[in-house]
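Everything below concerns the one structure shown next.
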Amino acid sequence: MRVFQSLLLLVPAIAAEFMPGGSFGRPTIGPYNNCSGELILRPKDLAIDTLPNISPDDPRGWERWDLTMHQDGLFLSMRWMQGDPASFNSVPADGTFELIAKFANGTSYRTHTSGHKLTFTNGTLYSISIAGNTLSWDESQTWFNTTLNLNGLTATFGSESIMLDKFSPYAGWIIGQLTENLFTGIPMTRGHTRAGSVKFPWGQEVALDADSILNHMFSEKPLQTLATNYAIRVFRSFGTGFEDAFIYESSRAPNSSLYNAFFLGRAETRGSSFEPYTFFAGTNSDLLSTHKINSTSTNVQLAGCAHTNDIPFSWNFTIPKAPIAEHTDSAGGKTSYFIANAVASEPFGSVVYQQSGMGIVQIYEALGAALGQNTPDLGGEQPQD
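Count along the sequence shown starting at 1, add 8, and that's the number in the numbering used here.
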C-alpha cells in the first residue's frame, strides 16, 4: 500500500512494502516541453506504470485498467478492476473483468466475471490478469498483448503504443493526480490495435484494426468522494506527413476545485517510418486555453513553440448527444463513452494544416452532481438536450 501526499504538500512520496507501480505520487515541477522534434528519451516506467499501485492483499482501495477501442462497426470497452471504486468498504482481492461491445446496428453485448483476485508479473514481462484475462507489455514489439477467455468469448490481439510515451496529470504538483488522492495515467496515448481478433459466443469473429487507448486509475478512497465529475478526452489527427495525439482532461473535486491537464505529441513521417516525439504536457498551465462553442462543441488552443515557429495548435471537437456505452457504479455514478469528431489546425514547419480527427471520450459524473451544483458541463461537455 502507498500513502500519497496532499495536494498542498510537496513532500517525497512515502511507500510501504508494496510498491510495484511506477512514478505515481512523486513530486514534479511544471509543464514538460522539449519542443525538439525528437524523441529524446522513452519513459523507462512506461510499462511499469501499468502495474498495480493497490496491492490485491490490501484491506482497502480500488484500481482499474480500461482498454478502449473503436473501428468501423465495433466499439469495445474492456475493464480490469480490483475492488469497487464507489464503495467505502472496497476489498481489492475482489477482482472483476468486464467487457462491453457495441455494434454498428445498435446492438450491445455485455459480459463479466467477478470474485477473482488480480495477479500480476513484475519483471521482464509486465502483466495483469483477472481469471485468465490478461494484459501484458511486450518490450520487443513495444505493444500491449491482450488475451481474453470468458463466458464463451475469446480474443487475442496486440495494441501498438505508437507515441512510445505516456501521460499523467499532476494536480498539486504530484504525478498522476487528477484530483487530490485520485490517480490516473495513460500508458498508451495513441494505440493501434491489430494482429488479432475477438470471437463472440454466438460464433461471430471480428478482425481488429482499431484506434485504442489504455487508461489506468486508482485510489484508496471512493471515487465519488474525490471527483464530482471528470472528462478524459483522447484525440488523434490523421495525415500523411504527420499525425498528432492530443489529450485534454478536466475535473472537479467535491470542494469545487477545478483542474485541467493536457498532452500533445506527434508521429512524423521520416523515410519509411514514423518518428514519435512529445511537444508538451502540463496541468493547470496557461499553455492551454479553451472556448466552449455550444453545448456539444469546444475549441482548444495550445501554444506553439520553437519547433512550430511559435504557431499555435487548435482543435475543434464535437461530442455526440448520445454515448456509445455506459458504466453505472454501485453508488449510482455514471461513466459514459463517446466517439467524437475533431478538426485540427496543426503547424508543420511554417505551414498550418487542417486535418480531420477522432476522439475517444470518457466522462464520469457522480450521482446528483449536475443537480446539486447546477453545472452539468463541468468536467466535460456533457451533451445537452
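Where a beta carbon is used, it is the ideal one built from N, C-alpha and C, also for glycine.
If you draw a straight line from the Cα of Asn113 to the Cα of Ala269, it is about 35 Å long. The criterion of a C-beta distance shorter than 8 Å is not satisfied by Phe321 and Pro39.
Per DSSP, reduced to three states, the secondary structure at Trp210 is coil, with no helix or strand assignment. About 12 Å separates the CB atoms of Leu161 and Thr154; that is not less than 8 Å, and the two are not in contact. DSSP places Gly180 in the helix class (H, G or I) of the three-state scheme. Taking 8 Å as the cut-off, the Cβ atoms of Met86 and Arg244 do not count as close. Within the DSSP bridge table, the entry for Gln149 names no partner. Cβ-Cβ separation between Ala94 and Pro284: approximately 36 Å, too far for a contact (criterion under 8 Å). Judged by DSSP in its simplified three-state form, Asp294 adopts coil rather than helix or strand.
The beta carbon of Gly45 lies closer than 7 Å to those of Tyr285, His315 in the same chain, with the five residues before and after it left out. The count of Cβ pairs closer than 8 Å, one atom from the segment 255-273 and one from the segment 168-177, reaches three, so the stretches are in contact. Of the other Cβ atoms in all chains shown, 16 or more fall within 10 Å of the Cβ of Gly199; this residue is therefore buried. Distance check between Asn159 and each of Gly211, Pro195, Thr36, Thr76 places Gly211 closest, using alpha-carbon atoms only. Excluding its 5 nearest sequence neighbours in each direction, Ala163 has C-beta neighbours in its own chain below 6 Å: Leu156, Val206, listed in chain order. Note that the C-beta distance between Ala235 and Leu186 is below 8 Å. Following the DSSP letters along the chain, one finds Pro355 inside the beta strand (DSSP E) bounded by residues 342-356. As a beta-bridge residue in DSSP terms, Asp74 pairs with Arg87, Asn223. A check of alpha carbon separations from Glu71 across Lys300, Phe226, Glu334 identifies Phe226 as the nearest. Judged by their CB atoms, Pro355 and Asn317 are nearer to each other than the 8 Å cut-off. Under the Cβ criterion (8 Å, minimum of three pairs), the segment 94-104 counts as touching the segment 122-130. Counting only residues of its own chain and dropping the five nearest sequence neighbours on each side, Phe254 has a CB closer than 6 Å to the CB of Phe243, Leu272, Trp323. Within the same chain, and ignoring the five residues on either side of Arg68 in sequence, the residues whose Cβ sits closer than 7 Å to its Cβ are Ser98, Glu228.
The Cβ neighbour count for His78, taken over all protein chains shown within 10 Å, is at least 16; the residue is labelled buried.
Take Ala377, set aside five residues on each side of it, and the residues of its chain with a beta-carbon closer than 7 Å to its own are Thr236, Asn237, in chain order. When Tyr256, Asn263, Phe250, Leu296 are compared, the shortest CA-CA separation from Thr277 is found for Phe250.
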